[in-house]
Amino acid sequence: KQWVTDITVQNLLEHTAGGWNNETEDPMFMHTEMNQAQLISWSLDNRPLANKPGTHYAYSNFGYCLLGRVIEKISGLPYQQFIQKNILAKCGITTMEIGGNTLAEKKPNEVRYYDSSEEDPYKMDARRMDSHGGWIATATDLVKFLVRVNYNSYKPELLKTGTLAEMYTPSSPDPTYAKGWNVNSANNHWHNGSLPGEQALAVNTGSGFSWAVLVNTRTGGNFSGDLDRLMWQIKGCIKSWPDIDLFGKK
Numbered sequence: 052k053q054w055v056t057d058i059t060v061q062n063l064l065e066h067t068a069g070g071w072n073n074e075t076e077d078p079m080f081m082h083t084e085m086n087q088a089q090l091i092s093w094s095l096d097n098r099p100l101a102n103k104p105g106t107h108y109a110y111s112n113f114g115y116c117l118l119g120r121v122i123e124k125i126s127g128l129p130y131q132q133f134i135q136k137n138i139l140a141k142c143g144i145t146t147m148e149i150g151g152n153t154l155a156e157k158k159p160n161e162v163r164y165y166d167s168s169e170e171d172p173y174k175m176d177a178r179r180m181d182s183h184g185g186w187i188a189t190a191t192d193l194v195k196f197l198v199r200v201n202y203n204s205y206k207p208e209l210l211k212t213g214t215l216a217e218m219y220t221p222s223s224p225d226p227t228y229a230k231g232w233n234v235n236s237a238n239n240h241w242h243n244g245s246l247p248g249e250q251a252l253a254v255n256t257g258s259g260f261s262w263a264v265l266v267n268t269r270t271g272g273n274f275s276g277d278l279d280r281l282m283w284q285i286k287g288c289i290k291s292w293p294d295i296d297l298f299g300k301k
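In the working numbering, each number is its position in the sequence shown, counted from 1, plus 51.
As structure tokens, this is what we get:
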């Protein structure tokens, strides 16, 4: 367990904890018979860190699973309940929740997930993935959140300006990734995600635009890049924007 006790919350946020990366046997897709506590214990015992924390970037779903447990430990609330009460409600979002694992557990307004490969979207443990990939949401939900973290005075920010700046400050090991966000020199902040049966993209641009795209399948190739280019093309084609609040007063 070399270096494990050196890992900080910042390391987990920046994917610089030193191990448990998505490229080589992601723990979150292993031992689906285990609950979160059992999987965490197993991973700590059997997946040693490859790098000293803070020195190397490697995207880690497991690291964000740990962050969910940190939230529970500090708040004393279940992860989903804390996020719904302290983050989503402040954005006027009322329908986001952690999804189920099977087609039979599909929510009334939730889509059905399809995959063009041999991956089965309903063989994942989505509930165990809560803080790194378990949420179900609409694109509108995501944009309601995005406009609260984009430095825009149009809506009250969720975080203080200094905290926002810290969130968007890239790490030393990877100047293109901050704390939960991809970043670049144009002050764009974004994140994409891909699991069997879904592809998602959420973007805040440096020029003040926000958008989200959700697809209930995924394909090979650079599907995420194609979605990104499509949205930039759509934005460039629109010459006139409404001047009313499409979200209402919330």
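Glycine included, C-beta positions come from ideal geometry on N, C-alpha and C.
- With fewer than three CB-CB distances shorter than 8 Å, the region 140-154 does not count as touching the region 110-121.
- According to the DSSP assignment, His240 belongs to the beta strand (DSSP E) that extends over 240-246.
- For Gln284 and Ser94, the gap between their C-alpha atoms comes out near 43 Å.
- Inclusion of Gly70 and Gly105 in the CB contact set at 9 Å is not warranted, their separation being larger than that value.
- Residue environment for Ser182: buried (at least 16 other C-beta atoms within 10 angstroms of its C-beta).
- The shortest C-alpha to C-alpha distance from Val254 to any of Leu197, Tyr219, Ile91 is the one to Leu197.
- Residue range 249-255 is occupied by the beta strand (DSSP E) that includes Gln250, with no alpha helix (DSSP H) assigned at that position.
- Pro159 and Gly151 have their alpha carbons spaced roughly 12 Å apart.
- Between the C-alpha atoms of His242 and His66 there is a straight-line separation of about 14 Å.
- Under the DSSP assignment, Leu278 falls in the alpha helix (DSSP H) whose first and last residues are 274-288.
- In the pairwise beta carbon analysis, the region 227-240 is classified as not touching the region 74-81: fewer than three pairs are separated by under 8 Å.
- Around the beta carbon of Arg269, a 10 Å sphere encloses 16 or more other beta carbons of the protein chains shown; the residue is thus reported as buried.
- Taken through DSSP and simplified to helix, strand or coil, Val60 comes out as helix.
- With contacts defined by Cβ atoms closer than 9 Å, Leu154 and Leu265 do not form a contacting pair.
- When beta bridges are read from the DSSP output, Glu148 appears opposite Ile187.
- Sequence-distant Cβ neighbours of Gly185 in its own chain, meaning closer than 8 Å and more than five residues away, are Ile149, Gly150, Ala177, Arg178, Arg179.
- The beta-carbon distance between Ala263 and Leu252, rounded to whole angstroms, is 7 Å. This is short enough to meet the 8 Å contact definition.
- In the DSSP annotation of this structure, the continuous segment of the alpha helix (DSSP H) that includes Trp93 starts and ends at 87-97.
- Burial of Gln250 is indicated by the presence of at least 16 other C-beta atoms within 10 angstroms of its C-beta.
- Inside the region 175-227, DSSP marks whole alpha helix (DSSP H) runs of 4 or more residues at positions 181-184, 190-197, 212-218, from first to last along the chain.
- By the neighbour-count criterion, in which a residue is buried when 16 or more other Cβ atoms sit within 10 angstroms of its Cβ, Pro226 is exposed.
- By the Cβ-count criterion, Cys142 is buried, with 16 or more other Cβ atoms from all chains shown falling within 10 Å of its own Cβ.
- C-alpha of Asn201 to C-alpha of Glu217: approximately 13 Å in a straight line.
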